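**Student:** Protein chains in written order, with the working numbering: chain Z, 4 to 228; chain V, 4 to 250. Dropping the structure in here first, questions after.
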């Protein structure tokens, strides 16, 4: 092992501004893809409930395709593959687009599964009252499906945070990329990666705590509690 | 000249995957009247109700509401549905909404009422059915009988031409069944037009004398329960009403 704690701490302090910037990039990417992935998932869920069999089949194909494709392959395809067709995107844009396509497919699968657990007569009651297909979705289906999916959606946000390290492989300098730089400065690999693990653990814990608070707020009285 | 029925059903047919569920139903419902349609399970009672507001599309036949044809193309189905208050067998309340929101939602979103106005109207209907005190509860926090009242309030809030009830007591115990019967009688007294399908002869007996017997998709008999249970020439009908009423 080269050097000890004093050397590692000195390098850490020196590189702290860069590491902090990396952490902000990680949080930014995680927040954006969690939001766009959720919105995408809602759109895909809406389309899976379409009255058109073609639309339903296409959305099912979308879900299967993006769940089936490894995320790293998708990111490489967009970042290294597209330039061969003359389309050059920044690492950030590739990360947002690639993650969104992937996360939306997963979220749509969670939301669809929650939808299957809904009381269908409630939705029929909505139609019987005169609500349109879109109103039934917005007023009756979505509020319940989202509530029922909080645990699954939380897991997805945690996965988004952890998977954001993959963006480092398409030149997006997020937190893990900065830790990698720190490790290669002084070859204190164990200390650097242990620090990264600790930071990710703290972030995941914060997400879990936030999700529990959300779950408490959105619980349907007399039903899930 | 005899008065024109509020709802007139003629030769209504519904096939599901080649199976005939309704085989030419004829039915009249008068304004302010109460009509009870009875029959064994699977006779087509619920399908008949769902054809009225086109939750189920009839295969053929006609339905007129206030003299207007409501079957076929070119009908504003959503407007039709707003004019028919539907109370489902399992109440089908919106579980994520409070009692008050269950009743006021359609007023706000379909009638375009402001929240305050919609809630005032909803509270009027809830008070009418003795449910005002439960306005902030969720469906999961009230009993079956209370859910039934909220479902009725939700239907009545839209001032429908007719309230249709699908097996209103199938999910209730005998005590609550009596309550529902009293409630239906009260609404009938207030000139609300009611169509109720049930296989519960005790319920039917306590709300009306005249019933319609539906079997294998057609109206087999119409008359008083007394007559149908003792003097009808068809033994199956006599058995149905005799056994079910405990006679």
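Even glycine gets a Cβ: it sits at the ideal position worked out from N, Cα and C. What you are looking at is a predicted structure, and each value in this text was computed from that prediction instead of being measured.
#1: Taking DSSP as the reference, what is the three-state secondary structure of residue 91 (chain V)?
#2: Are there 16 or more other CB atoms within 10 angstroms of the CB of residue 117 (chain Z), so buried, or fewer, so exposed?
#3: Give the straight-line distance between the Cα atoms of residue 122 (chain Z) and residue 225 (chain Z), rounded to the nearest whole angstrom.
#4: Assuming residue 96 (chain V) and residue 150 (chain V) form a contact by the criterion Cβ under 8 Å, report the distance between their Cβ atoms to the nearest whole angstrom.
#5: Closer than 7 Å by beta-carbon distance: list the chain V residues that pair up with residue 190 (chain Z), in chain order.
#6: Using a cut-off of 7 Å between C-beta atoms, extract the partners of residue 93 (chain V) located in chain Z.
#7: Counting only Cβ pairs nearer than 8 Å, list the residues of chain V close to residue 135 (chain Z).
#8: 7 Å is my cut-off, CB to CB: does residue 48 (chain Z) come that close to chain V?
#9: Can you tell me which of the three DSSP states residue 4 (chain Z) falls into?
#10: Once the 5 residues before and after residue 244 (chain V) are set aside, which same chain residues still bring their CB inside 7 Å of it?
#11: Can the beta-carbon of residue 120 (chain V) be found closer than 7 Å to that of residue 156 (chain V)?
#12: Is the beta carbon of residue 66 (chain V) closer than 7 Å to that of residue 12 (chain V)?
#13: Give, in chain order, every unbroken run of the beta strand (DSSP E) that is at least 3 residues long and sits entirely within the segment 85–157 of chain V.
#14: In terms of alpha-carbon separation, which member of V:191, V:207, V:223 lies closest to residue 36 (chain V)?
#15: At a Cβ cut of 7 Å, what residues of the segment 15–35 of chain V count as close to chain A, listed as they run along the chain?
#16: Sort out for me which residues DSSP pairs residue 28 (chain V) with in a bridge.
#17: Since residue 222 (chain Z) is in the alpha helix (DSSP H), which residue starts that stretch and which ends it?
#18: Which class does residue 227 (chain V) belong to by DSSP, given the choice of helix, strand or coil?
#19: So, does the CB of residue 113 (chain V) fall closer than 7 Å to a CB anywhere in chain Z?
#20: If you count every other CB in all the chains shown that lies within 10 Å of the CB of residue 158 (chain V), and 16 or more means buried, which is it?
#21: Taking only beta-carbon positions, decide if residue 127 (chain V) is within less than 7 Å of chain Z.
#22: Would the segment 52–66 of chain V and the segment 96–111 of chain Z be scored as touching if the rule is three or more Cβ pairs under 8 Å?
#23: Just the chain V side, please: which residues come within less than 7 Å of residue 223 (chain Z) by C-beta, in chain order?
#24: In angstroms with no decimal places, state the Cα-to-Cα distance between residue 20 (chain V) and residue 84 (chain V).
#25: Going by Cα to Cα distance, which pick from Z:32, Z:189, Z:80, Z:67 is closest to residue 12 (chain Z)?
#26: At 7 Å on the CB atoms, spell out the chain V contacts of residue 146 (chain Z), in chain order.
#27: Could you check if residue 83 (chain Z) is buried or exposed, using at least 16 other CB atoms within 10 Å of its CB as the buried criterion?
#28: Run through DSSP, which three-state label would residue 57 (chain V) get?
#29: Smallest Cα separation from residue 46 (chain Z): which of Z:72, Z:197, Z:144, Z:8?
#30: Helix or strand or just coil, what does DSSP make of residue 192 (chain Z)?
#31: Helix, strand or coil, according to DSSP, for residue 67 (chain V) in the structure here?
#32: Quick one, which of V:225, V:171, V:108, V:6 has its alpha-carbon nearest residue 152 (chain V)'s?
#33: Can the beta-carbon of residue 148 (chain Z) be found less than 7 Å from the beta-carbon of residue 218 (chain Z)?
#34: Closest to residue 213 (chain V) by CA distance: which of V:23, V:40, V:9, V:22 is it?
#35: Since residue 216 (chain V) sits in a beta bridge, which residues does DSSP pair it with?
#36: Are the C-beta atoms of residue 249 (chain V) and some chain Z residue less than 7 Å apart?
**Tutor:** Based on what the coordinates show:
#1: Under the three-state reduction of DSSP output, residue 91 (chain V) falls in the coil class, being neither helix nor strand.
#2: By the Cβ neighbour-count rule, residue 117 (chain Z) is buried, with 16 or more other Cβ atoms within 10 Å of its own.
#3: Distance between the alpha carbons of residue 122 (chain Z) and residue 225 (chain Z): 15 Å.
#4: With a Cβ gap of about 6 Å, residue 96 (chain V) and residue 150 (chain V) count as contacting.
#5: Near residue 190 (chain Z) there are no residues of chain V at all, since even the closest Cβ is about 56 Å away, more than 7 Å.
#6: Correct list: 124.
#7: The contacting residues are 81.
#8: Output row for residue 48 (chain Z): interface = no.
#9: For residue 4 (chain Z), the pLDDT reaches just 49, beneath the cut-off of 50, and the residue's location in the model is therefore unreliable, although a value from the coordinates is still provided. Here residue 4 (chain Z) sits in coil by DSSP.
#10: Excluding residues within five positions, the ones whose Cβ falls inside 7 Å are 204, 228, 231, 232.
#11: Not a contact, by the Cβ cut-off of 7 Å.
#12: The Cβ atoms of residue 12 (chain V) and residue 66 (chain V) sit closer than 7 Å to each other.
#13: 87–90, all fully within the segment 85–157 of chain V.
#14: Looking only at V:191, V:207, V:223, the smallest Cα-Cα distance to residue 36 (chain V) is reached by V:191.
#15: Reference to chain A is not applicable here, since the protein chains of this structure are Z and V.
#16: Beta-bridge pairing by DSSP links residue 28 (chain V) to V:15.
#17: No alpha helix (DSSP H) holds residue 222 (chain Z); DSSP gives it neither H nor E.
#18: Looking at residue 227 (chain V) - three-state DSSP - the assignment turns out to be strand.
#19: Answer yes: the Cβ-Cβ gap between residue 113 (chain V) and chain Z drops below 7 Å somewhere.
#20: Residue environment: residue 158 (chain V) is assigned as buried (16 or more neighbouring CB atoms within 10 Å of its CB, all protein chains considered).
#21: No - not a single Cβ of chain Z is within 7 Å of the one on residue 127 (chain V).
#22: With a cut-off of 8 Å, the segment 96–111 of chain Z and the segment 52–66 of chain V do not count as touching, because too few Cβ pairs lie within range.
#23: The CB of residue 223 (chain Z) comes closer than 7 Å to the CB of 98, 99, 141, 143 in chain V, given here in chain order.
#24: Roughly 25 Å between the two C-alpha positions.
#25: Among Z:32, Z:189, Z:80, Z:67, the Cα nearest to that of residue 12 (chain Z) is on Z:189.
#26: Those within 7 Å of residue 146 (chain Z) in chain V are 99.
#27: Exposed: under 16 other Cβ atoms inside 10 Å.
#28: Three-state DSSP puts residue 57 (chain V) in coil, outside helix and strand.
#29: For residue 46 (chain Z), the closest alpha carbon among the candidates Z:72, Z:197, Z:144, Z:8 is that of Z:144.
#30: Three-state result, residue 192 (chain Z): helix.
#31: Here residue 67 (chain V) sits in strand by DSSP.
#32: Closest by C-alpha distance to residue 152 (chain V), out of V:225, V:171, V:108, V:6, is V:171.
#33: In this structure, residue 148 (chain Z) lies away from residue 218 (chain Z), with their beta-carbon atoms at least 7 Å apart.
#34: Considering only alpha carbons, the answer is V:40.
#35: Looking at the DSSP output, residue 216 (chain V) sits in a beta bridge with V:41, V:224.
#36: The predicted position of residue 249 (chain V) is uncertain, since its pLDDT is 48 and thus under 50; a value taken from the coordinates is nonetheless stated next. It does not: the Cβ of residue 249 (chain V) has no partner Cβ on chain Z nearer than 7 Å.
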